[in-house]
Every structure is written in C-alpha cells, then in structure tokens.
Amino acid sequence: YARNFAPYRDAIERATLPPRYAKRDPRNLARVKAVVDALIAAKEARLGR
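Each residue of the sequence shown is one higher than the one before, starting from 1 at the first, in the working numbering.
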C-alpha cells in the first residue's frame with residue numbers, strides 16, 4: 001500500500017495551495033482543484049502520458 005500511494009502523497013505535498021478562506025467560502029474550492037490537478041498529473045506520469 002505505502003509503495004503505491006507514495007507518488008500520490010508526494011504530489012500532494014508538492015502542490016502549491018492558494019490561500020485558505022473562511023468556512024463555506026467558495027474560493028476554497030480552488031484548494032481542492034489544486035490537489036486534484038496534482039493527483040491527476042501524478043497518475044498520468046505513472047502511466048507515461
């Protein structure tokens with residue numbers, strides 16, 4: 001498990017997140033998008049795309 005998850009954990013750690021806003025502020029979705037984009041990039045890199 002740890003070996004297969006490591007590239008994704010590293011991608012999350014390297015992701016640059018925008019500022020955090022108050023609870024329920026829609027601008028916080030930009031933080032989610034940054035993490036999702038990093039995970040997609042890590043997966044595509046593993047698949048050689």
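Backbone N, C-alpha and C define an ideal beta-carbon position, used for all residues, glycine too.
Beta-carbon spacing of residue i, residue j below 8 Å
i: L39; j: Y8; result: yes
Residue i classed as buried or exposed, judged by whether at least 16 other C-beta atoms fall within 10 angstroms
i: A22; result: exposed
Backbone CA spacing between residue i and residue j [nearest angstrom]
i: L47; j: A11; result: 15 Å
i: A34; j: Y1; result: 24 Å
i: R49; j: F5; result: 19 Å
Residue of the options minimising C-alpha distance to residue i
i: P18; options: R49, V32, R24; result: V32
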